[in-house]
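Working notes, beginning with the structure itself.
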Amino acid sequence: MTNGRVYIALGVMLLCLGAASGVGRGSQGEELVSQLTAQNFHKLAYELYMGDDAIKRSLDEATAFLSGVFTLDPRAEYVYADILRIMPKIGRGDQRQLFWAFKEYVDGGSDLEVASNAVRHLLNSQDSRQAREQALGQLLQAVGDKNAALSSELATQMALLLAEKADTDGAMNYLMHAFDSNPYNRLAFSKLVELKRDSGEDIPPLLFVQDLRLAIEANPMNIDAGLAFANYVAKLGLYEMASDSYEYCSQLWRYLYSERPLPASLYLPWIISNYNTRRGSIKCLEIAASVRRQGSFDLILEGVAAKASEKVSGQTKREAIAAGQRAEDMLSSGYVPGNVPAEQVAWFYSLALPMKDKALAWANRAYSRNSDLPSVNAILAYALVMNGQHDLARDLVTELRNNNQIAALTLGIILLEEGNKSIGIAALKQAVGMDSGSLAADVGRRLLGENGSEYIADFSPDLLMQALRGEFDQRLVPRFNEMDRLMSAKLGLAGSDFSYGGDFEGMLVIKNKSKGPLIISDTSLFKGNIQVDAEVKGDIKAYFPGLIRQRVRLSEPVRPGYFASIPLDLMTGPLLKILRSYPQASLEIEFTVYLDPIADDIGVVKSSLPNFGPLKAVARRKGEVVTQRNLIQRLDILSTGKNGQKVRMSTFFAGLLMEYYAMNGSDPLYRHVSIEPSLLKSAIRKGLEDGSWEVRAHTMWEMVQFPVPLEYDLTKAVSENLNHKQWPVRMMALYLLNKSYGDSFKRVLDRTVMYDKHQMVRNMAVSLGATVPEVADDVAAEEGL
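Residue numbering for the sequence shown follows our numbering, beginning at 13 and increasing consecutively.
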């Protein structure tokens, strides 16, 4: 029975197509404009290509529909992004089309993710480095000054290509352009540093500080970025800035890891930086007390706290003495924690709480266990000097002086005491320069002063600070803010209630609540990854995890106090099918949005942004109320209404027929009015036979969602549209019938390619699997094939 229906239907379609084939291929007919049909074509294309599992034929069909969009609405600039998204998935295509779409798409508000993926596809399609360079040059020219962030990315790519062929000067020029265009481009900066170092050029410390500071600005919750900045400015001797930076990191650590103690890698440089500031001694004691309260014992911390205590008021060293004794007791009892080796006790009694006998005893003990360690040799040499044993000390440090601060300090003391003042002072300066914030450097500076000299850094911290204040508006170290003071987000809907057939779009609104810019990039706080889950409640129950998974990257930072709005097409995929298929169902859809989602070991999804929960929004739809009276009224509209009314009615009756198909032969899912399917099909045929080509095309667009192949009466009505004079009607009829009849429809597709008068329809036939005919060269040239 089924085969008989197929063959009869196929015969009907061939007859209809035969009537249409009387018009020659060369004529395209009059130009048509229809935003409604263009939007319908776009929606079909979107649903065909957006899925990760979209097959080749679906992508080809989507491409054909997108071509139709521009033909129907030349102002449909939203299609450029679709073209750039779909071409990498197809994996082939005319590169001229991609260049054209790229050039038209790019402006100051372009999504960098869309543009960058297209660029990556284009470059991967080239078969040589020279071709890639040429392509990048064309892309850079197309971007011009329209989008600084995208220009920066393209310039970086060009620089990497030039670096591969050792064109260092050319590469550096492009990298400087990239960094100037977007100072948050860390790849450009790191590659520029690499090339300059390879060329023997020095990078001014100011540039490093700026880069590291911008990394914090881009991601205030990245503790690695905070520590990198703090460590670098501490190395430069900018201890005020370093102490503030380490405090920022300590606040961030406690916010991110409230259950974990502050690590030594953070509190030790923090206390040392404060020790080297004018008013940091009291802060040192506060830091030490805080670390003790968390149950940690650190002898280096105690040593710095002891030295800071001396600065405060010359207090007794009671706490320091107790700390040293505690360490000795630990070692004597055989309990040697990893952070209190004998070497550390020797350091403590040498530099923090000088006691020459204990220093030498513990240094010898450390040496007996690890005589090969340079640090152990150095601390033993210093302890020997404390005890007047210079000859033994010299032998230990002579070869270590260039790589170990305590060794250089020890050699300087020996040389001074031997009367070699100038050489001794040089050795002391060398020692201080290795780590100007350490207790060893403190000793070195004191000895330099006693000998009429001082340590002067290679650069001026004051000039560097002045330049930084100009760059960051006086606030060199950002204040720590919890997540809710940095950014907020909300999923907005165009009203929480909607009716059947109505479309609604979500808008993800992100507000910058911080004092600095909000960046969306690979290295920023929010990286632009979005996941939307949908749960359907009410008369229908369904759950769609990952209804939307996409990434966006804004071209411009969001300024403090401003918003960024990201549109989300929520009526998509399986949710769209439910909304279209059950018009009489009352539904509630709860959307859950995750920013930068991650899944735990059991698959539970959450946002990777710290303390940033999912966003929720609810949309409600009341089911259509169907009565005999309003059904008759709606049928009358199909005959006498205006085009807009007819479009809405075609949607309504198509939905009722889909509802019938969904529940036919099974228990009803909810209370609804059952309508004779022949009446519904009769209403749909009215749409298919309407005098307006837009109503016809829209009716077939609604029928694409039908879950079953077209029955004979609908097949006949659709087939008659194969000879309609307007190409969008023929194109929709071709697509809809092929969807129902598959391989058995190929003869119709082949004839369409041969005889249809419009290129858009022929393109669709090819995308559906028609055999492409051989075309003579003169004909191909005439038609631009």
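Even for Gly, the Cβ is constructed at its ideal location relative to N, Cα and C.
Note the first and the last residue of the continuous beta strand (DSSP E) segment covering residue i.
i: alanine 154; result: Alanine 154 -> not in any beta strand (DSSP E); alpha helix (DSSP H) instead, spanning 141-155.
i: valine 548; result: 541-550
Comparing C-alpha positions only, which one of the options sits nearest to residue i?
i: glutamate 145; options: Leu173, Gln717, Ile435, Ser383; result: Leu173
i: glutamate 716; options: Gly156, Val489, Met670; result: Inspection of the sequence shows that residue 716 is occupied by valine rather than by glutamate. It is Met670.
i: histidine 736; options: Trp705, Leu748, Tyr724, Met712; result: Trp705
i: alanine 254; options: Arg774, Tyr267, Arg225; result: Arg225
i: leucine 503; options: Ser651, Arg491, Ile578, His133; result: Ile578
i: aspartate 534; options: Arg565, Leu559, Ser262; result: Arg565
i: leucine 599; options: Gly699, Asp551, Asn376, Leu152; result: Asp551
i: serine 293; options: Tyr267, Ala501, Tyr251, Ser257; result: Tyr251
i: aspartate 581; options: Asp515, Tyr287, Gly615, Leu204; result: Asp515
i: aspartate 702; options: Val444, Lys654, Asp310; result: Lys654
i: isoleucine 601; options: Lys589, Leu588, Val630, Ser619; result: Val630
i: lysine 523; options: Ala501, Val303, Asn399; result: Ala501
i: cysteine 261; options: Ala240, Leu248, Glu271; result: Ala240
i: glutamate 462; options: Leu428, Ile299, Gln657, Ala317; result: Leu428
i: proline 557; options: Tyr606, Pro740, Val316; result: Tyr606
i: alanine 782; options: Thr764, Phe492, Met367, Gln771; result: Thr764
i: serine 193; options: Pro216, Leu152, Asp214; result: Leu152
i: isoleucine 644; options: Met661, Leu780, Gly656, Arg632; result: Met661
i: phenylalanine 111; options: Leu204, Arg458, Leu135; result: Leu135
i: alanine 777; options: Arg406, Ile102, Phe492, Asp762; result: Asp762
Quick one: residues in its chain with C-beta nearer than 8 Å to the C-beta of residue i, no 5 flanking neighbours on either side, listed in chain order?
i: leucine 537; result: Ala230, Asn231, Pro232, Met233, Asn234, Leu498, Met499, Leu530, Ile531, Leu621
i: leucine 78; result: Phe53, His54, Ala57, Val91, Asp94, Ile95, Ile98
i: leucine 48; result: Val659, Glu706, His710
i: valine 730; result: Leu700, Met712, Met715, Leu722, Ala745, Leu748, Leu749
i: isoleucine 67; result: none
Which residues does DSSP list as the beta-bridge partners of residue i?
i: threonine 604; result: Asp545, Lys628
i: alanine 576; result: Ile522
i: arginine 633; result: Phe510, Leu599
i: leucine 110; result: In DSSP, leucine 110 forms no bridge with anything.
i: leucine 440; result: DSSP output for leucine 440 lists no bridge partner at all.
i: leucine 530; result: Val570
i: phenylalanine 538; result: Ile532
Excluding the 5 residues preceding and the 5 following residue i in the sequence, name in chain order all residues of the same chain whose CB lies nearer than 6 Å to its CB.
i: asparagine 541; result: Arg563, Asp608
i: glutamate 636; result: Tyr512, Pro595, Gln596
i: valine 638; result: Val685
i: glutamine 150; result: none
i: glycine 528; result: Glu229
i: lysine 370; result: Tyr361
i: tyrosine 186; result: Ala167, Met170, Ala171
Note down, in chain order, each residue of its chain lying with its Cβ closer than 7 Å to the Cβ of residue i, except the 5 sequence neighbours on either side.
i: leucine 668; result: Pro595, Ile687, Leu692
i: glycine 16; result: Only weak support is given to the placement of glycine 16: the predicted model assigns it a pLDDT of 40, under 50, and the question is left unresolved by the model.
i: leucine 199; result: Thr168
i: glycine 34; result: Note that glycine 34 scores a pLDDT of 40, beneath 50, so its modelled location is shaky; the value from the coordinates is reported in the next line. For glycine 34, where only same-chain residues beyond five positions count, there are no Cβ hits under 7 Å.
i: valine 245; result: Val221, Met253, Ala254, Ser257
i: cysteine 296; result: Ile283, Asn286, Tyr287, Val316, Ala317, Ala320
i: tryptophan 265; result: Ile235, Leu274, Leu278
Could you pull the start and end residues of the alpha helix (DSSP H) that residue i belongs to?
i: leucine 559; result: No alpha helix (DSSP H) holds leucine 559; the beta strand (DSSP E) holding it covers 554-563.
i: valine 617; result: Segment 617-619 is the beta strand (DSSP E) holding valine 617; no alpha helix (DSSP H) there.
i: alanine 611; result: It is not in any alpha helix (DSSP H) - alanine 611 instead sits in the beta strand (DSSP E) that spans 609-611.
i: proline 217; result: 217-230
i: proline 586; result: 585-593
i: serine 255; result: 251-268
i: glutamate 786; result: That residue, glutamate 786, is in no alpha helix (DSSP H); it is neither H nor E in DSSP.
i: threonine 639; result: No alpha helix (DSSP H) contains threonine 639, which DSSP labels as neither H nor E.
i: tyrosine 672; result: 655-675
i: methionine 772; result: 771-779
i: leucine 691; result: 689-700
i: aspartate 210; result: 198-210
i: serine 285; result: 276-287
Checklist entry - Can you give, in chain order, each stretch of the beta strand (DSSP E) that sits fully within the stretch 458-505 and has at least 3 residues? => result Correct list: 499-505.
Next on the checklist: Suppose only complete runs of 4+ residues qualify. What are the alpha helix (DSSP H) ranges in the stretch 712-757, listed by chain order?
Outcome noted: Counting whole runs of 4 or more residues, the stretch 712-757 contains the alpha helix (DSSP H) stretches 724-731, 739-753.
Item to check | Ordered list of beta strand (DSSP E) runs contained in the stretch 155-194, each at least 3 residues | outcome: Listed in chain order, there is nothing to give.
Item to check | Minimum length 4: unbroken alpha helix (DSSP H) runs contained in the stretch 40-120 | outcome: Listed in chain order, they are 47-61, 68-84, 91-102, 107-117.
Next on the checklist: At 3 residues or longer, what runs of the beta strand (DSSP E) sit wholly inside the stretch 382-428?
Outcome noted: With a minimum length of 3 residues, no continuous beta strand (DSSP E) run stays inside the stretch 382-428.
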